[in-house]
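Q: In the UniProt record's numbering, the protein residues as written are 1 to 651. Submitted below is the structure of interest, expressed as structure tokens.
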């Protein structure tokens, strides 16, 4: 399947503060340009194609394309399966349905293996059958039939063909080119080049074929001064052009500065064209000077993860963008990149391409695409508290099984001993024993695990040895907080709930009885009206907010800390403290788009903010008195506003 990636000059990359971009490996070879169609439009030898859309935005279309012809604004191609490819100013290269068995393409026409010729309207060209090769330049059309007839379409009578001559072996001709409503040239596999001109005939009106060269590998007609010229690439790698007037049948001029050339392309005249070397490299020849034409290569990789400081159970979206040397910025589908984690027991790559946070901890996520890698840190914390922490003689103890499993470990019990595995890290311990093992090596614990009525308790220092975790005892709340990097997990004691309830419930009472409108909260219906009826503490020292909807239904929040309760009501991320329908007199169509998370042309900045939230970056430019403001989101989606209204969107 073909996919499309866009770039625009307004777009710029979003780089995470702790991301590290680096070369993953040196590729043995990069895709090279196979054929040129224009300055920004060319076929690559890996079957992909670079082209323009809307006249300015560069796009890259992977695929299995074998040949292309056209210009910067549109053209035709063939893939390796013989299917027709088409692109234009508003569409990326795509397969044209129903057009198969294609052998050759020219401007406006294509030839099928059955010898029929078809037009850009998708209709078969009349009065042409059994055709071997075709050529077209600015709607001047010529063909070579399989029986050897050289045919030229009357420019004033479409569908009427004049026979310019006949050859004995059409299969020996490798290409045909046409120009100026009067000239047709054939290139034979031997290297011979024969020219037919409608005004070069004998006394009997028979057109005289003229041999121009006998050692050519490529030919193309182009504008000359003043006579149209045939550009001939010779077997010795030199490039020549035919002369003017009586020298028009001679290779009169060698193009200076070109050697080891195998073909030319996009010849606007004899002083301006592209040329391909035998090693696959290209140059632009312009008025005696040559300039190397480099194939686009990736120079930077940007990776965005939707929430690098996440919680267990979260699904994290990974967005990847490649920046190329031609200025293109390409969004890469996740299945086209390689993603690895140094602690895979903390994160899991899902079939959807998202990362699922499995356990508490911090891991390095490395994304590799097109030979570049970028590494970002992702932490996962626990939203809810665990229970039964204890401090004994200054030593912090936590429940073994629940804490180890929350940290991504696997626990098994054998003969009273606990066997634990965190990825490649292993440890073994038992209640009442100061002796333990870590990765098969004996270690001495400062405090022995305790057999408690709520299960075995282990000294938190054991987690420091195994995972580098740090643990603090919060005396005020009598609870333990385990930290690994940016990851956090709280384990409360049997005293915590009473302490917290006493200290903080009073400050939460202020929210009871107040009415809010849902923005983003637990996938509840956006902008629905709810009223807080109660805030209930639980035995883990957290709170559940009780709501009543406008229809009288009771809804409960997830269990959260007191600070989280304050947070969801203090900003506008989770709840709004006003009725948005009354504040903003927008149409139902706009509200429906906002609720669906969509952005459309003509929307205001406030409407986009409601639909997509705030951007990761903004830029403002002034052009001819017009203010252009560009918003770029962390997933590289981009919205451009002209005088405050959405004028352009890139997904």
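Heads up, the beta-carbon is just placed ideally off N, CA and C, and yes, glycines get one too. Predicted model only: the values in this text are computed from it and were never measured.
#1: Exposed or buried, residue 636, counting other C-beta atoms within 10 Å across all chains shown (16 or more means buried)?
#2: Going by the DSSP bridge assignment, what does residue 49 pair with across the sheet?
#3: Would you say residue 347 reaches chain D, if we count a Cβ-Cβ gap shorter than 8 angstroms as a contact?
#4: Can you find the residues in the same chain that come closer than 8 angstroms, C-beta to C-beta, to residue 580, ignoring five residues on each side of it along the sequence?
#5: Quick check on this structure: which residue in 60, 369, 194, 321 has the alpha carbon closest to the alpha carbon of residue 214?
#6: Would you kindly work out how many angstroms separate the C-alpha atoms of residue 26 and residue 373, rounded to a whole number?
#7: Just to confirm, are residue 147 and residue 170 a CB contact at a threshold of 8 angstroms?
#8: Can you list, in chain order, the residues of its chain whose CB lies under 8 angstroms from that of residue 651, leaving out five sequence neighbours each side?
#9: Residue range of the alpha helix (DSSP H) that residue 593 falls in?
#10: If residue 165 sits next to residue 196, beta carbons under 8 angstroms apart, how far is it from one beta carbon to the other, in whole angstroms?
#11: Residues in the same chain with beta-carbon distance under 6 angstroms from residue 33, minus the five sequence neighbours each way, listed in chain order, please.
#12: Report the three-state DSSP secondary structure of residue 148 (helix, strand or coil).
#13: Below 8 angstroms on the Cβ atoms is my guess for residue 529 versus residue 550; work out the distance and round it to an integer in Å.
#14: Would you call the segment 120-135 and the segment 172-179 in contact, with 3 or more CB pairs under 8 angstroms?
#15: Specify the secondary structure class of residue 248 as computed by DSSP and reduced to three states.
#16: First and last residue of the beta strand (DSSP E) that includes residue 583?
#17: Under the rule that 16 or more other beta-carbon atoms within 10 Å means buried, what is residue 313, buried or exposed?
#18: Starting from residue 218, follow its DSSP beta bridges and name the residues at the other end.
#19: Buried or exposed: residue 228, going by 16 or more other Cβ atoms within 10 Å of its Cβ?
#20: Could you check what DSSP says for residue 465 in three-state terms: helix, strand or coil?
#21: What whole-angstrom Cβ distance do residue 242 and residue 248 have, given they're in contact under 8 angstroms?
#22: Within 10 Å of its beta-carbon, does residue 19 have 16 or more other beta-carbons around it, so buried, or fewer, so exposed?
#23: Mind checking whether residue 487 and residue 402 have CB atoms under 8 angstroms apart?
#24: Residue 104: buried (16+ other C-beta within 10 angstroms of its C-beta) or exposed?
#25: Along the chain, where does the beta strand (DSSP E) that runs through residue 137 open and close?
#26: With distances taken from CA atoms, which of 400, 89, 93, 60 is nearest residue 655?
#27: Can the beta-carbon of residue 411 be found closer than 8 angstroms to that of residue 420?
#28: Mind checking who residue 483 pairs with in its DSSP beta bridge?
#29: Can you tell me which of the three DSSP states residue 120 falls into?
#30: So what does DSSP say about residue 636, is it helix, strand or coil?
#31: Out of 640, 564, 562, 567, point me to the one whose CA is closest to residue 600's CA.
A: According to the data block:
#1: buried
#2: 43, 61
#3: Considering every chain present, this structure includes no chain D. It has just one protein chain.
#4: 517, 527, 610
#5: Of the listed residues, the one whose Cα sits closest to residue 214 is 194.
#6: Any reading at residue 26 is ruled out, since the residue's pLDDT is 36, under 50, leaving its predicted position unreliable.
#7: yes
#8: 637
#9: 588-595
#10: 6 angstroms
#11: 42, 282, 295
#12: coil
#13: 4 angstroms
#14: yes
#15: helix
#16: Element bounds for residue 583: not the beta strand (DSSP E) but the alpha helix (DSSP H), 580-583.
#17: exposed
#18: 233
#19: buried
#20: helix
#21: 5 angstroms
#22: Low confidence applies here, because residue 19 scores a pLDDT of 39, under 50, leaving its location unreliable and the question unanswered by this model.
#23: no
#24: So residue 104 ends up on the buried side.
#25: Its beta strand (DSSP E) spans residues 131-137.
#26: Here the chain covers residues 1 to 651 and nothing more, so residue 655 does not appear.
#27: yes
#28: 470, 488
#29: coil
#30: coil
#31: 640
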